[in-house]
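Asks: In this note's numbering, the protein residues as written are 58 to 529.
Okay, here's the structure, questions in a sec.
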Ligand SMILES: [Zn+2]
């Protein structure tokens, strides 16, 4: 007889809020006595979910930038989360945690090289936290094209989760995962989440007041409406911050839902990797490229105006500027490292070891050098490597999500961009932004007089003042 399975995936993530000039998070408006938003959301969501043991009940991914912040400020909670995952791993031989590209970038908008670096870094971060390789990877905003899926596959990732409207066939039976054929003739397994259940959990607080009621009035009617006779997996996916931050006390709902309410009705609690352990995926389907879970216009939200932010004309010039800046920094990186480092891009892929504290930047550079470097050469490579880091970080998707330019997320992006440009100037004497800053003059706020070029030049000035103070 066909069995019913149910699981919840939580995508836990915070953008990097550290000021690249100080390494610290400045006090943020609206965060109250917590000082900044990450701390506030930690107290309302990450901590209580860890305390209720939810990381051994749900499928989840934790963005590496959030893990890095938590490791610094609340290491005991990082331990608690990895201990909970370990219990699942020991019990089933399969992890309930998925990996994520290191920075929350829109993968279809990234170059092939950036896709690879972000996947490499994300996998390294995962292995550091959990002690084994990931099988699944969550894509930021579930934004996807075949090249992104292929890049995952080339890094031995077996599956991901997408929104149902990212399937080409709108009538697809999404109670089972599918194989998606990739351009390299390999495959990626895709789980499509149930949009009704996910939407109700995310946006209808009355659905999540009581776990038993949720099972009776939301989950079971969805199952009863099915006509398929194979084992079915109903998967709901949402931001993890929903449980406790966006909706108060929902960590308790989640805990009881996955630890009693579901199973007492005979529905089996499951998660994607465990489903794959017990089922063969035979069906194939096709996906709609350049789509996501949070923009109904594909991936326009992160590069242009769309129905989600129809007046946001600043997005295109900002995206164009950052692409041009990234290209300029990449050329400098290649040209200057060419005689000193065996493979600069491989060095960049391994820079995550410095971020994770498993090596020093000097040691890493020496391992990749093709000769004994002088202190001056080593310093040049270090500055350019740090510039590459900042320029990867500046593509975090948060900057483009909202309506206006004059918001902390976008200003942080311009700060990272200015910091990257400043590092290149410090290393080589030439600023890679010279000649392209005008693009940013077309990006203006609707709520203040701010334009992108003014913000960027201000941050560049900060960088120069900081160098002066340090006597460089
Ligand atoms: Zn949109």
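For glycine and all other residues, C-beta sits at the position ideal for the given N, C-alpha and C.
None of these values were measured; they are calculated from a predicted model.
1. Note down, one range per segment and in chain order, each alpha helix (DSSP H) of at least 4 residues found wholly within the segment 334-384.
2. Name the residue from 158, 326, 103 and 91 whose alpha carbon lies nearest to the alpha carbon of residue 121.
3. Quick check: does the Cβ of residue 357 come within less than 6 Å of any heavy atom belonging to ligand 1?
4. Give the straight-line distance between the Cα atoms of residue 256 and residue 295, rounded to the nearest whole angstrom.
5. If you pair each beta-carbon of the segment 329-342 with each one of the segment 226-244, do three or more pairs fall below 8 Å?
6. Using only CA atoms, which one of 102, 178 and 111 lies nearest to residue 446?
7. Compute the beta-carbon to beta-carbon distance between residue 233 and residue 290, rounded to the nearest angstrom, for a pair I have assumed lies under 8 Å.
8. In the DSSP output, which residue or residues are listed as bridge partners for residue 249?
9. Contact between the segment 78-91 and the segment 292-309 is defined here as three or more beta-carbon pairs at a separation below 8 Å; is this criterion met?
10. Within 10 angstroms of the Cβ of residue 348, are there 16 or more other Cβ atoms? Answer buried if so, exposed if not.
11. Give a single yes or no on whether residue 365 has its beta carbon closer than 6 Å to a heavy atom of ligand 1.
12. Which of the three DSSP states is assigned to residue 148 in this structure?
13. Taking 8 Å as the threshold, find out whether the segment 412-423 comes into contact with the segment 458-469 through three or more Cβ pairs.
14. Output yes or no for whether 7 Å exceeds the beta carbon distance between residue 123 and residue 71.
15. Would you be able to state if there are at least three C-beta pairs under 8 Å between the segment 432-452 and the segment 404-413?
16. Could you check what DSSP says for residue 317 in three-state terms: helix, strand or coil?
17. Excluding the 5 residues preceding and the 5 following residue 203 in the sequence, name in chain order all residues of the same chain whose CB lies nearer than 7 Å to its CB.
18. Within 6 Å: the Cβ of residue 352 and any heavy atom of ligand 1?
19. Taking 7 Å as the threshold (C-beta atoms), are residue 196 and residue 174 in contact?
20. Where does residue 201 land, buried or exposed, given buried means 16+ other C-beta within 10 angstroms?
21. At what residues does the beta strand (DSSP E) containing residue 69 begin and finish?
Replies: In brief:
1. none
2. If you number the chain shown from 1, residue 121 lands on position 64. The shortest Cα separation from residue 121 among 158, 326, 103 and 91 belongs to 158.
3. Sequence index remark: in the chain shown, residue 357 carries index 300 (1-based). It does: the Cβ of residue 357 is within 6 Å (strictly closer) of some heavy atom of ligand 1.
4. Sequence index remark: in the chain shown, residue 256 carries index 199 (1-based). Sequence index remark: in the chain shown, residue 295 carries index 238 (1-based). Spanning the alpha carbons of residue 256 and residue 295 requires a straight line of approximately 8 Å.
5. yes
6. Here the question's residue 446 lines up with position 389 in the chain shown. Answer by Cα proximity: 178.
7. For the purposes of this step, residue 233 is taken as the residue at position 176 of the chain shown. For the purposes of this step, residue 290 is taken as the residue at position 233 of the chain shown. Going by Cβ atoms, the distance from residue 233 to residue 290 rounds to 6 Å, so yes, they are a contact pair.
8. Stepping through the chain shown from its first residue, residue 249 is reached at position 192. Beta-bridge pairing links residue 249 to 219.
9. no
10. Numbered from 1 along the chain shown, position 291 holds the residue referred to as residue 348. Classification for residue 348: buried.
11. Locating residue 365 in the chain shown gives position 308, counting from the first residue. The answer is yes for residue 365.
12. The residue given as residue 148 occupies position 91 in the chain shown. DSSP places residue 148 in helix when its eight states are reduced to three.
13. no
14. For this step, residue 123 is matched to residue 66 along the chain shown. For this step, residue 71 is matched to residue 14 along the chain shown. Yes, they are a contact pair.
15. yes
16. Taking the chain shown and counting its residues from 1, one reaches residue 317 at position 260. Annotated three-state conformation of residue 317 is helix, per DSSP.
17. The residue you call residue 203 lines up with position 146 of the chain shown. Cβ within range, chain order: 239, 240 and 346.
18. Taking the first residue of the chain shown as 1, we reach residue 352 at position 295. Yes, ligand 1 has a heavy atom inside 6 Å of this Cβ.
19. One-based indexing of the chain shown puts residue 174 at position 117. One-based indexing of the chain shown puts residue 196 at position 139. No, they are not a contact pair.
20. Residue 201 sits at position 144 when you count from the first residue of the chain shown. It counts as buried.
21. If you number the chain shown from 1, residue 69 lands on position 12. 61-69 is the span of the beta strand (DSSP E), which, as asked, contains residue 69.
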